[in-house]
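> I have a structure I would like to understand better, so I am pasting it below and will then ask my questions one at a time.
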Amino acid sequence: MSHEVKCLEDNQMVLKKSKHCSEKKKLEEKYFSQLEKDKVHNDIENAALKQDLDMEKRSHEEHVLQLDLQASESKAVIKSVKDEVIKAKRSYSEEYKYFGIKLKGLAEAADDYHVLLTENRKLYNEVQDLKGNIRVYCQIRPFLSGQSQKHTTVEFIGENGELIISNPLKQGNRNQYKKITKKNIIELSRIS
26 MSHEVKCLED NQMVLKKSKH CSEKKKLEEK YFSQLEKDKV HNDIENAALK QDLDMEKRSH
86 EEHVLQLDLQ ASESKAVIKS VKDEVIKAKR SYSEEYKYFG IKLKGLAEAA DDYHVLLTEN
146 RKLYNEVQDL KGNIRVYCQI RPFLSGQSQK HTTVEFIGEN GELIISNPLK QGNRNQYKKI
206 TKKNIIELSR IS
């Protein structure tokens, strides 16, 4: 019996080990299946992440190209504006010089004008003084006995001191006669 018991025990042990191995195998298969599922899931996730990364990379590359294009356009605009500013600066400098010369000429003309105006005013005042000083152009006296009244230029003597004088050189002309009123006559004392 001992051999049989031993065989039985061995069989039980083998059965136990077999059961244990079978459970272990099932457990390993379960883990393996889970690992395969995880691997598939990870592969899908990696593919999606890689696709997202590629799209992001393309988007960044396009953005970089747009920025490069904008930078090139901006450089061209800056150069154009800079050239225009330099051109305008030259133009303004030339105009400034031109207007400076013109302004200098105008200032000299204004100075000359003021000098002429002062001289003109002085001459006008002198003429006015001379006119004021010249009070008598002629004196009219009655004819003396024996003088002919044909040679007279006085055409008429009014009661209020009005005179009409004729100019024999302007005969037929409307300026032949000149009327002199009392305000133009200066009364003189009679000379004997």
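The end of the sequence shown is residue 217 by the numbering used here, with every number in the run present.
From the three backbone atoms N, C-alpha and C, an ideal C-beta is built for every residue, glycine too.
#1: Just how far apart, CA to CA, sit V30 and S43?
#2: Rounded to whole angstroms, what's the CA-CA distance from E48 to D63? Just pull it up for me.
#3: For Q76 and L52, I'd like the C-alpha separation in whole angstroms.
Once the coordinates are examined:
#1: Looking up residue 30 in the sequence shown gives position 5. Looking up residue 43 in the sequence shown gives position 18. Each residue's Cα considered, the two are about 19 Å apart.
#2: Stepping through the sequence shown from its first residue, residue 48 is reached at position 23. Stepping through the sequence shown from its first residue, residue 63 is reached at position 38. Rounded to the nearest whole angstrom, the C-alpha separation of E48 and D63 is 22 Å.
#3: Within the sequence shown, residue 76 is the residue found at index 51, counting from 1. Within the sequence shown, residue 52 is the residue found at index 27, counting from 1. Cα to Cα, Q76 sits roughly 35 Å from L52.
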